[in-house]
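Some notes on the structure that comes next.
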Amino acid sequence: MSSIPVDAETKVGAAPDLAAAARAQDLAVRLDGVTKRFGNTVALNDAWLQVRRGEFLTLLGPSGCGKTTMLNLVAGFLFPDNGEVFIDGALVTDVPTYEREIGIVFQNYALFPHMTVASNVGYGLKARGVAQREIAERVTEILAMMKLAGLEDRKPGQLSGGQQQRVALARALVIRPKVLLLDEPFSALDKNLRSAMQIEVKEIQRKLGVTTIFVTHDQSEALSLSDRIAVVSEGKIRQIGTPQEIYRRPANRFIASFIGEVSVLRARLERIEKSEAVVQVGAASITVPAGPLAGQSPGITVDLFVRPEQLCLASGDVALEGQVATTVYQGDHVDLYIDAPAAASTRILMRLPSHDRVPGAGATIGLAIGGHDATAFPAVES
Ligand SMILES: Nc1ncnc2c1ncn2[C@@H]1O[C@H](COP(=O)(O)OP(=O)(O)OP(=O)(O)O)[C@@H](O)[C@H]1O
Ligand SMILES: [Mg+2]
């Protein structure tokens with residue numbers, strides 16, 4: 008999937024052609040036109056999703072956009088008003104949770120407080136009638152993998168937050184699920200523990216090759232962990248692609264603003280040539296993907312979305328000039344907020360390595376735009 012422009016009505020992830028149908032057998036999860044209402048609230052509105060076998064797919068979107076509802080439909084905790092759910096190619100829309108072979112970890116772990124770590128982890132196997140001896144072996148194996156060996160006899164209350172989270176993961180993985188569902192599993196952890204757990208989960212997911220659907224509204228978490236990201240808003244999937252595709256080729260303004268940091272400049276469309284367009288901003292010509300500008304006429308005003316790392320100090324034929332309003336020291340880099348007449352939104356954000364010579368507040372500076380990650384959309388009145 009690449010830089011296909013997506014509007015609100017496009018069924019991203021739908022499988023209209025034969026090649027896609029052939030690939031269908033490689034799909035671990037498929038949602039076909041799923042709608043879910045709660046009273047007057049439409050939580051999911053004709054959502055289409057295809058998750059490949061073994062991939063780590065993240066559902067990313069703002070609060071209330073329908074992420075948890077989507078997981079609940081895959082898990083069988085909820086049933087859609089319209090549309091179908093498939094797991095491993097089988098129609099499961101009306102199949103209950105316990106027959107779906109799904110591993111789930113929620114934000115608040117939901118461990119059984121009165122049971123030991125070993126019993127918590129073995130619970131799903133016991134419920135499935137697995138022999139005692141095999142349970143013991145599989146629990147030992149997964150606890151070792153999750154670095155929990157030696158804690159078998161503790162109760163959840165005697166563990167740290169990170170250890171509890173690992174127990175929850177071990178419990179979900181020990182049943183060898185067809186799909187692992189993770190709903191904001193790190194949100195209760197502090198920043199350092201969160202980063203450590205992210206790395207561990209990714210390593211274990213790779214090692215086991217388990218198809219994983221991960222929910223977050225944290226875009227940096229999504230960018231760093233995922234094979235692909237599905238961006239959700241208002242009950243629909245708006246774009247699906249690799250982290251690079253989503254960051255570098257956002258399909259619309261919402262995604263360009265939601266993923267990564269961005270400043271918006273007023274620019275002029277010069278020309279469109281096949282897959283690329285050229286826009287003029289100040290004395291600079293910038294190449295952007297043509298998709299979002301398809302059908303637009305040269306000369307119109309466009310909004311140019313640029314990432315902070317693309318801007319650099321320059322003199323001569325600069326893209327824009329402005330005045331440094333504030334500088335914020337961030338350790339390895341410094342963020343500069345710049346007031347500039349060419350800005351379509353508020354201040355322009357640029358980022359310089361902190362060992363560079365950083366202009367102070369009040370300085371007038373010229374900026375050039377480097378790199379290839381700028382995107383332009385037809386301007387909207389602000
Ligand atoms: N049981 C319910 N009854 C009524 N409305 C619900 C119910 N569950 C979800 N909703 C509504 O459906 C919409 C989608 O909710 P959902 O929980 O899927 O969002 P989310 O993307 O997971 O948000 P968050 O990031 O805050 O967890 C919201 O408007 C929510 O208020
Ligand atoms: Mg949620």
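Counting in our numbering, the sequence shown tops out at residue 389, every number present. Quick reminder that beta carbons are idealized off the backbone N, C-alpha and C, glycines included.
Q | Test item, CB below 7 Å from any non-hydrogen atom of ligand 2 | A | LYS74, THR75, ASP190, GLU191 and VAL222
Q. When the Cα of VAL102 is compared with those of PRO87, ILE111, VAL112 and GLN114, which residue comes out closest?
A. PRO87
Q.
Residues in the same chain with beta-carbon distance under 8 Å from GLU280, minus the five sequence neighbours each way, listed in chain order, please.
A. ALA297
Q: Give me the Cα-Cα distance between GLY40 and THR48, rounded to the nearest whole angstrom.
A: 17 Å
Q: Quick one: grab the DSSP three-state call for MET122.
A: coil
Q: Identify whether ILE142 lies in helix, strand or coil by the three-state DSSP scheme.
A: helix
Q: Would you kindly report the start and end of the unbroken alpha helix (DSSP H) that includes ALA172?
A: One detail in the question is off: residue 172 reads as Gln in this sequence, not Ala. Note, GLN172: alpha helix (DSSP H), 168-180.
**Q.** Cβ separation of ILE220 and VAL112, assumed to be a contact under 8 Å, to the nearest whole Å
**A.** 11 Å between Cβ atoms; not a contact.
Q) Is ALA54 near ligand 1, in the sense that its beta carbon is under 7 Å from a heavy atom of that ligand? A) no
Q: Return yes when the Cβ of VAL285 is within less than 8 Å of the Cβ of ILE262, no when it is not.
A: no
Q. Between PHE45 and ligand 1, is the CB less than 7 Å from at least one heavy atom?
A. yes
**Q.** Simplified DSSP state of GLY71, which is helix, strand or coil
**A.** coil
Q) Should ALA179 be listed as close to ligand 1, given that the test is whether its C-beta is under 7 Å from any heavy atom? A) no
(Q) Run through the DSSP bridge pairs and tell me what ALA117 is partnered with. (A) Beta-bridge pairing links ALA117 to no other residue.
Q.
Using a Cβ-based criterion (distance less than 7 Å to any ligand heavy atom), does CYS319 qualify as near ligand 1?
A. no
Q) Can you give the Cα-Cα distance for ILE11 and ILE372, rounded to whole angstroms? A) For ILE11, the predicted structure reports a pLDDT of 38, less than 50, and the residue's modelled location is therefore unreliable. A value from the coordinates is still provided. Cα-Cα distance, rounded: 36 Å.
Q: State yes or no: is the C-beta of PRO392 within less than 8 Å of the C-beta of LEU356?
A: Nothing can be reported for residue 392, as the shown portion of the chain is limited to 8 through 389.
Q. Would a C-beta distance cut-off of 8 Å place THR65 and LYS43 closer than the cut-off?
A. no
Q. What residues in its chain sit with their C-beta under 8 Å from that of PHE384, if we drop five residues either side in the sequence?
A. ASN259, ARG260, ALA263, PRO299, LEU300, VAL309, ASP310 and PHE312
Q: Specify the secondary structure class of THR294 as computed by DSSP and reduced to three states.
A: strand
Q.
Given 7 Å as the limit, tell me if ALA50 has its C-beta closer than that to any heavy atom belonging to ligand 1.
A. yes
Q: Could you check which residue in VAL36, GLU62 and LEU51 has the C-alpha nearest to that of ALA210?
A: Here the sequence assigns Glu to residue 210, which means Ala is not the residue at that position. Checking every option, the nearest Cα to that of GLU210 belongs to GLU62.
Q: Go through its chain and collect everything with a Cβ distance to THR333's Cβ below 7 Å, but skip five positions before and after it.
A: TYR344 and ALA368
Q: Could you check what DSSP says for ALA15 in three-state terms: helix, strand or coil?
A: A caution first: ALA15 carries a pLDDT of 37, below 50, which makes its placement in the model unreliable, though a value can still be read off. Coil, per DSSP.
Q.
Taking its Cβ as the centre, do 16 or more other Cβ atoms sit within 10 Å of SER322, making it buried, or is it exposed?
A. exposed
Q) Closer than 7 Å: is that where the CB of SER227 sits relative to any heavy atom of ligand 1? A) no
Q.
Are there any heavy atoms of ligand 1 lying less than 7 Å away from the beta-carbon of SER233, as far as the coordinates show?
A. no
**Q.** Beta-carbon proximity of ILE208 to LEU166, cut-off 8 Å
**A.** Here residue 208 turns out to be Val, not Ile, going by the sequence shown. Not a contact, by the Cβ cut-off of 8 Å.
**Q.** Alpha-carbon spacing of TYR130 relative to ILE149, whole angstroms
**A.** 13 Å
Q: May I ask you to check if the CB of GLY373 is nearer than 7 Å to at least one heavy atom of ligand 1?
A: no
Q. Among residues of its own chain, excluding the 5 on either side of SER70, which ones have a beta-carbon nearer than 8 Å to its beta-carbon?
A. HIS224
Q | Beta-carbon proximity list for ARG178, same chain, < 6 Å, skipping 5 on both sides | A | ASN127 and VAL128
Q.
Taking the beta carbon of PRO305 as the centre, do at least 16 other beta carbons fall within 10 Å, making it buried, or is it exposed?
A. exposed
Q. Between LEU155 and ASP339, what straight-line distance do the alpha-carbon atoms span, to the nearest angstrom?
A. 35 Å
Q. Near VAL365, what residues of its chain come up, given a Cβ to Cβ distance below 8 Å and the 5 sequence neighbours on each side ignored?
A. THR334, VAL341, LEU343 and LEU359
Q) Does the Cβ-Cβ distance between ALA351 and ALA386 come in under 8 Å? A) yes
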